[in-house]
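Scroll down for the structure; my scribbles are underneath it.
Right under this line is the structure:
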């Protein structure tokens, strides 16, 4: 499956819906097995001590890995997260987060992605979280309740 | 450290700040090593296919385990998430999520909690996610950037 | 698929092969979606400081969850571990470990199990590790290299 | 703490004790925040279907990350695994495994490492597992039961 301009546009638009739109996370770049997103930090992204909430980092790490997987499957498939694990490497407190996700294992029905979240604070950038995400590729007709 | 009514009230109010307030997640119950939260699902909690976003479940699982830990540490300590792992057991699509977190290992500086998220749909309730969360208890004076 | 005596015997014997036999881990009990194993601790199971090695606990947690899954799939299927996560709750130093694994999500091709490892020391027993294990059920004809 | 030749020799020898010696896993290289190990595969490392057992890969991933952490802490400290997560990317069936571990977060008391396990089969080499390992650095006097 080549990743033509129309498909790239679709994936970037589809990325920014529902909870992701609500959280203000934006699609930045897409390539085969790769996706990059970013979020400009507002006060409502922080937790009680002023740090950016781990849940926002986890949401980015999961969703961005899901769309990295989405670049590798047939167009009539959908991606579901089976599980993920995320380590918080340093406190995040900057003004913008960037998440870069790469598929490590491109399978037909199981894909594994790695997400790296960096925090941009003043002029510097630090990795604040790393995640391993296990994803399933499922035909959209089988997405039942 | 006894968990008196004042402390319980503080923990429940403190729980619902920042990103958690933004996500509409509410504190329900608190006891020693235990915390329970819930969220009434709105459209902005869902993802592109109508399911509740994995990121919301992860945010609940993490934050609720953090407050279960918070019940066990001195009042001048804060809880940081070191890492967590979450398995999505079934698609979540109901009208309300409940998260119950229990501390499995009450340590002085490292605590481990388990979170179970259930989805309430019509009259039934199903476990949709289970997480293992590793937390650090840190004196508030050491919460530096 | 009922779990008759012949199938139970097969699963218990099949459990104790290869690396598991080498590590001296034994099958104890089997039921639908459930498996229990144990290992009598020898010096070669310990690490440099005298504690039982985390790798042995992880091996038990993974393998026992795999056989809990094996009780729920057709006889011509095999179980592969997709990933697992294990938290070490307390140091293990006793004379015997027991692992109890329960399937939390019995799916057709993805199953999720929880393993609890306890350490028996003198007369007491303590949970020393808890794991969440994601497993795939694959037809044996598709187990290719 | 510089990593002089005496310290390197000590770490490589200390690595190969107890369960690790029993499993035949050898130290290969050591540098600041880095450790590499290998194991020549024998029949007793395999599982019932002829693949190398996931428990061996997990043992390597955990222990090698632990020694990568050990290069960064004071000599009177010990490393304990708090938890780890490992994804099995492809079946492992070759004649030798190599594990390379790098510390991603060098903290005073919590360190996070990444381990990559590759399988050498004939002339080729494939990554078969990736792990994220959370480790604690503890003064040896506090290693109590």
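Residue numbers (the working numbering), protein chains in the order written: chain A, 1 to 145; chain B, 1001 to 1145; chain C, 2001 to 2145; chain D, 3001 to 3145.
Using N, Cα and C, we set each Cβ at its ideal position, and we do this for glycine too.
Going by DSSP, what residue range makes up the alpha helix (DSSP H) through residue i?
i: residue 56(A); result: 54-70
i: residue 2076(C); result: Looking at the DSSP string, residue 2076(C) is not in any alpha helix (DSSP H), and its letter there is neither H nor E.
i: residue 162(A); result: Not covered by the structure: residue 162(A). The range shown for chain A is 1 to 145.
Would you check if the distance between the CB atom of residue i and the CB atom of residue j is smaller than 8 Å?
i: residue 2096(C); j: residue 2041(C); result: yes
i: residue 116(A); j: residue 127(A); result: yes
i: residue 3063(D); j: residue 3137(D); result: no
i: residue 1066(B); j: residue 1086(B); result: no
i: residue 1014(B); j: residue 48(A); result: yes
i: residue 2044(C); j: residue 3022(D); result: yes
i: residue 83(A); j: residue 2134(C); result: yes
i: residue 1055(B); j: residue 55(A); result: yes
In whole angstroms, give me the CA-to-CA distance for residue i and residue j.
i: residue 88(A); j: residue 1139(B); result: 18 Å
i: residue 1038(B); j: residue 1028(B); result: 7 Å
i: residue 1052(B); j: residue 19(A); result: 8 Å
i: residue 3036(D); j: residue 3114(D); result: 12 Å
i: residue 3068(D); j: residue 1106(B); result: 28 Å
i: residue 2152(C); j: residue 3007(D); result: The structure shown does not extend to residue 2152(C), since chain C is modelled only from 2001 to 2145, so the question has no answer here.
i: residue 11(A); j: residue 2046(C); result: 50 Å
i: residue 2026(C); j: residue 2060(C); result: 10 Å
i: residue 75(A); j: residue 3(A); result: 11 Å
i: residue 2073(C); j: residue 2100(C); result: 19 Å
i: residue 5(A); j: residue 16(A); result: 17 Å
i: residue 2030(C); j: residue 3031(D); result: 46 Å
i: residue 1112(B); j: residue 110(A); result: 29 Å
i: residue 1009(B); j: residue 1024(B); result: 18 Å
Would you verify that the beta carbon of residue i is, or is not, closer than 8 Å to some beta carbon of chain C?
i: residue 3124(D); result: no
i: residue 1117(B); result: no
i: residue 951(B); result: Outside the shown range of chain B, which is 1001 to 1145, sits residue 951(B), and nothing can be said about it.
Is residue i close to chain D, meaning its C-beta is less than 8 Å from at least one C-beta of that chain?
i: residue 189(A); result: Past the edges of chain A, shown from 1 to 145, lies residue 189(A), and the structure says nothing about it.
i: residue 1054(B); result: no
i: residue 100(A); result: no
i: residue 108(A); result: no
i: residue 134(A); result: yes
i: residue 1013(B); result: no
i: residue 2076(C); result: no
i: residue 3(A); result: no
i: residue 2113(C); result: no
i: residue 2139(C); result: no
i: residue 2070(C); result: no
i: residue 7(A); result: no
Which residue marks the beginning of the beta strand (DSSP E) containing residue i, and which one marks its end?
i: residue 1140(B); result: Unbroken run through residue 1140(B): none, as it is neither H nor E.
i: residue 1014(B); result: Careful: residue 1014(B) lies outside any beta strand (DSSP E), inside the alpha helix (DSSP H) at 1005-1015.
i: residue 1029(B); result: 1025-1031
i: residue 3038(D); result: 3034-3040
i: residue 3090(D); result: First-last for residue 3090(D): undefined, no H or E at that position.
i: residue 1119(B); result: 1110-1121
Check whether chain A comes within 8 Å of residue i, counting only Cβ atoms and requiring the distance to be less than that.
i: residue 3024(D); result: no
i: residue 1058(B); result: yes
i: residue 3040(D); result: no
i: residue 1085(B); result: yes
i: residue 2082(C); result: yes
i: residue 1018(B); result: yes
Could you check how far apart the C-beta atoms of residue i and residue j are, in whole angstroms? I think they sit under 8 Å.
i: residue 2150(C); j: residue 2071(C); result: Residue 2150(C) is absent from the structure shown; chain C starts at 2001 and stops at 2145.
i: residue 147(A); j: residue 130(A); result: What is shown of chain A runs 1 to 145, which leaves residue 147(A) out entirely.
i: residue 118(A); j: residue 98(A); result: 5 Å
i: residue 132(A); j: residue 3132(D); result: 6 Å
Can you confirm whether residue i, when its beta carbon is compared against all beta carbons of chain B, has any partner nearer than 8 Å?
i: residue 2104(C); result: yes
i: residue 2097(C); result: no
i: residue 2089(C); result: yes
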